[in-house]
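Numbered by the working numbering, the letters in the sequence shown go through residues 637 to 893 in order. Note that beta-carbon positions come from the ideal geometry of N, C-alpha and C, so glycine has one too. Values in this document were obtained by computation on a predicted structure and should not be read as measured data. Shown next, in structure tokens, is the structure this report addresses.
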Amino acid sequence: MSQSSDFTGDTVVVTGAGSGIGRATSIAFGEAEANVVVTDIDRDSGTETATTIADETSGDATFVEVDVTEDADIDEMIQTATSEYGGLDVAFNNAGIGGTFDATDEISEEDWQTIIDVNLSGVWRSMRKEIPVMLEDGGGAIVNTSSILGKVGEAETPAYTAAKHGVVGLTKVAALERATDDIRVNAVCPAYIETQMLEDVGVTTDEEMHAEVEALHPMERLGTAEEIAEAVLWLASDDASFATGETLAIDGGYLSR
Ligand code: NAD
637 MSQSSDFTGD
647 TVVVTGAGSG
657 IGRATSIAFG
667 EAEANVVVTD
677 IDRDSGTETA
687 TTIADETSGD
697 ATFVEVDVTE
707 DADIDEMIQT
717 ATSEYGGLDV
727 AFNNAGIGGT
737 FDATDEISEE
747 DWQTIIDVNL
757 SGVWRSMRKE
767 IPVMLEDGGG
777 AIVNTSSILG
787 KVGEAETPAY
797 TAAKHGVVGL
807 TKVAALERAT
817 DDIRVNAVCP
827 AYIETQMLED
837 VGVTTDEEMH
847 AEVEALHPME
857 RLGTAEEIAE
867 AVLWLASDDA
877 SFATGETLAI
887 DGGYLSR
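Right, here's the structure in full:
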């Protein structure tokens, strides 16, 4: 395992690495000299992240097309980590979708299932394959992406909020199960971050909406993907050696109101 935030030679897998938080975190791991298995459902953006790491950092990267709703894709991600880089030290289970804005009694069965499948079951599916490899390797660190909506609710986001609360619960359970196996399991809970996910719903492009969302944060701004990456690297590093089951909010004060 790594010493401090130096991940030299460590193998890291990242889901949803083609954009936003996953991309920024993958690059940060590359800058910390890790070997990064960059995965995303989107081949073009994922390949772009891997190329950036290989060309612009001292780390190495391999892209694998992974849909976190597909078990076989996750197997391929793990297989690539072990065959290309000899093991698995760190996993950042981050892939997620925003989903629709519908009340609890109005969301369709299909939307509910899709959001839960990607945002919650995708994290479980990944951990289910990562933990056995880490056990074989003598330990590791897992960081899952939850949200402030893993800690509080927001109207008209029933599946997203349920999934992110689920990630918080799942993180704690896995942390308890592996506490004496040298596998730490933590989560980050970002508030609103300037990424494609928010652009898709107009938050970063519509001035009025942007101002409304800024006002939800005591710091009166949104966060950046790089600020979340910093927290992920810390949780994954030996600096966080006594932290497990932690669900760390990086939120400009959002949850302190
Ligand atoms: P983003 O849209 O920029 O990136 C998400 C990435 O996940 C994309 O590259 C996308 O192709 C990929 N993806 C989507 N479905 C996938 C699937 N089935 N399998 C594999 N990859 C898939 O969004 P982001 O803001 O960087 O989101 C990353 C994570 O952060 C998500 O879990 C999201 O819920 C969470 N989050 C985001 C915010 C925010 O405000 N942006 C806040 C809290 C939590």
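Rounded C-alpha distance that separates residue i from residue j
i	j	result
Thr644	Ile663	14 Å
Leu636	Ala799	In the structure as shown, the chain begins at 637 and stops at 893. Residue 636 is therefore absent and cannot be evaluated.
Pro854	Gln715	44 Å
Thr685	Glu745	34 Å
Thr736	Gly802	18 Å
Ala814	Ala791	In the sequence as displayed, the identity of residue 814 is Arg instead of Ala. Their backbone Cα atoms lie some 35 Å apart in a straight line.
Met713	Glu848	39 Å
Gly881	Val788	18 Å
Ser638	Asp711	Per-residue confidence for Ser638 stands at a pLDDT of 40, beneath the threshold of 50, marking its modelled position as unreliable; the derived number appears in the next sentence. Using only the alpha carbons, I get a separation of about 24 Å.
Trp748	Gly732	14 Å
Tyr828	Ala653	18 Å
Val868	Asn729	11 Å
Val726	Thr797	26 Å
Leu771	Thr816	11 Å
Thr740	Glu701	33 Å
Tyr890	Gly786	13 Å
Met896	Gly658	Because the chain here runs from 637 to 893, residue 896 falls outside it and cannot be looked at.
Val837	Glu830	12 Å
Gly666	Pro826	22 Å
Met763	Trp870	19 Å
Asp738	Ser783	18 Å
Glu844	Gly734	20 Å
Under the three-state DSSP convention, the category residue i falls into
i	result
Arg857	coil
Asp642	strand
Thr750	helix
Thr807	helix
Asp696	strand
Met637	Note that Met637 has pLDDT 42, beneath the 50 cutoff, so the model's placement of it is unreliable and the number below is only indicative. Of the three classes helix, strand and coil, the one that applies to Met637 here is coil, per DSSP.
Ile901	This structure gives no information on residue 901, because the portion of the chain shown stretches from 637 to 893.
Val674	strand
Arg820	strand
Asn729	strand
Ile743	coil
Val839	coil
Val868	helix
Terminal residues of the alpha helix (DSSP H) in which residue i lies
i	result
Val759	Gly758 to Asp773
Val704	Run containing Val704: none; DSSP gives neither H nor E here.
Ala777	From DSSP, Ala777 is part of no alpha helix (DSSP H) but of the beta strand (DSSP E) over Gly776 to Thr781.
Ile657	Gly656 to Glu667
Val849	Glu843 to Glu850
Glu835	Gln832 to Asp836
Cβ of residue i within 8 Å of any chain D Cβ
i	result
Glu843	Included in the structure is just one protein chain, with no chain D present.
Rounded Cβ spacing between residue i and residue j (contact assumed at less than 8 Å)
i	j	result
Glu902	Ser694	With the chain running from 637 to 893 in the structure shown, residue 902 is simply not present.
Val704	Gly758	3 Å
Thr688	Asn671	Going by Cβ atoms, the distance from Thr688 to Asn671 rounds to 15 Å, so no, they are not a contact pair.
Residue range of the beta strand (DSSP E) that includes residue i
i	result
Phe878	Taken as a continuous stretch (DSSP letters only), Phe878 belongs to no beta strand (DSSP E), as it is neither H nor E.
Thr647	Thr647 to Val650
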